[in-house]
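In the UniProt record's numbering, the protein residues as written are 1 to 320.
The structure appears right after this line, and notes come after that.
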Ligand code: NDP
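See the structure below:
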């Protein structure tokens with residue numbers, strides 16, 4: 001099969017298209033023919049070696065396609081599915097853990113189906129789990145026109161929260177506003193002060209910060225006393241170690257660094273969040289913006305674009 005295989009970690013150039021053997025599913029997996037693979041920022045951490053995977057490996061964790069073989073005979077061949085947590089999705093075939101597979105309703109755009117679960121479930125656990133936003137509350141979302149950012153904005157706005165968002169370009173400002181943000185700002189050293197001023201002089205109830213290093217300080221300052229800073233990613237790099245006393249001086253604030261695993265591990269939790277995302281796609285209340293479709297062979301260019309902040313919304317690889 002054709003696959004993007006990494007034989008050494010590094011820059012985007014290590015994403016090479018190769019012919020390799022198709023994987024064989026275990027009893028708990030289902031073999032799937034991949035139509036579209038979703039691209040997520042986390043894929044760049046694995047490519048660079050910031051997160052570790054045994055070499056050689058095929059990157060990618062989610063996608064959509066049709067079932068080829070279920071060793072337990074439960075899921076019929078040809079069933080249209082989407083998945084996440086299936087390492088090796090940048091390929092024509094992937095083995096998907098059965099419990100991370102969902103059926104795709106007829107009529108869903110394959111590019112949306114291939115990118116909705118990882119970013120959608122992240123946005124869901126942030127806005128419904130880490131801090132279950134309530135009507136009238138306020139939040140700040142960094143990278144508000146990115147994959148997670150646009151969906152988290154829609155979910156937070158749907159709950160009746162005031163959503164402040166921060167992005168890097170005017171085009172991204174427009175996208176975040178269209179997703180339901182109350183106000184959108186460009187990054188600046190006065191970000192926290194501006195957010196507080198617009199929020200009636202008080203900090204926001206929760207900051208969802210997926211940018212990390214460059215925004216962390218402003219995130220601490222933008223939150224209200226006893227509010228929550230949720231550091232869920234590091235697109236600009238990892239936050240430096242710091243003195244926990246800072247949480248005291250910023251008003252007894254809470255800091256959390258959540259993972260997808262922890263927020264999908266409860267009984268039925270993955271299915272509940274996946275169902276909420278899929279339902280939102282089907283009934284049109286969640287709009288996934290597909291900001292780029294790349295041929296499988298151009299995975300390196302896709303990684304260059306997402307890391308250069310040139311992308312908006314979700315981006316995908318067209319595999320077949
Ligand atoms: P995005 O589509 O949001 O792309 C990353 C965005 O980060 C860019 O578009 C850019 O938006 C912003 N950014 C700010 N500074 C930089 C920088 N120095 N270099 C590159 N980008 C920068 O990606 P995803 O939606 O896939 O992921 C968003 C974040 O969420 C990532 O940090 C990811 O690791 C994290 N994540 C965490 C999960 C978890 O469970 N903890 C699960 C899924 C994602 P702008 O130009 O507007 O600043």
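Yeah, the Cβ is synthetic: ideal placement off N, Cα and C, and Gly gets one too.
Since this is a predicted model, take the numbers as computed values, not measurements.
Membership of residue 187 in any beta strand (DSSP E) is not indicated, and neither H nor E is assigned to it by DSSP. Excluding the 5 residues flanking it on each side, residue 47 has same chain C-beta neighbours closer than 7 angstroms at 6, 9, 14, 15, 59, 303, in chain order. Listed in chain order, the alpha helix (DSSP H) runs fully inside the region 278-312 are 299-307, counting runs of at least 4 residues. Just measuring C-alpha positions, the residue of 204, 131, 74 sitting nearest residue 165 is 204.
Nearest to residue 161 by C-alpha distance, out of 147, 131, 36, 67, is 131.
At a threshold of 7 angstroms, residue 259 counts as near the ligand NDP, since its beta carbon sits closer than that to one of the ligand's heavy atoms. Within the model, the alpha-carbon separation for residue 220 versus residue 43 is close to 27 angstroms. By the Cβ-count criterion, residue 317 is buried, with 16 or more other Cβ atoms from all chains shown falling within 10 Å of its own Cβ.
Distance from the CA atom of residue 199 to the CA atom of residue 193, rounded to whole angstroms, is 10 angstroms. In the three-state scheme derived from DSSP, where H, G and I count as helix and E and B as strand, residue 257 is classed as coil.
In the structure shown, residue 128 adopts helical secondary structure according to DSSP, grouped into three states.
Each residue's CA atom was taken as its position, placing residue 84 and residue 61 some 5 angstroms apart. In the three-state reduction of the DSSP assignment, residue 109 falls in the coil class. A Cβ-Cβ contact shorter than 8 angstroms links residue 119 with residue 151. Note on residue 285: under 16 other CB atoms within 10 angstroms of its CB, so exposed under the neighbour-count rule. If the five residues before and after residue 257 are omitted, its C-beta is found closer than 6 angstroms to the C-beta atoms of 231, all from its own chain and listed in chain order. In the three-state reduction of the DSSP assignment, residue 6 falls in the strand class, which pools E and B. Apart from the 5 residues on each side of it in sequence, residue 135 sits with its Cβ closer than 6 angstroms to the Cβ of 160 in its chain, given in chain order.
Distance from the CA of residue 306 to the CA of residue 168, rounded to the nearest whole angstrom, comes to 13 angstroms. With a threshold of 7 angstroms, the Cβ atom of residue 117 does not count as near the ligand NDP, since no heavy atom of the ligand is closer than that.
Annotation: the continuous alpha helix (DSSP H) that includes residue 217 extends over 216-222. Beta bridge pairing from DSSP links residue 17 with 4. Residue pairing from DSSP places residue 209 in a beta bridge opposite 231.
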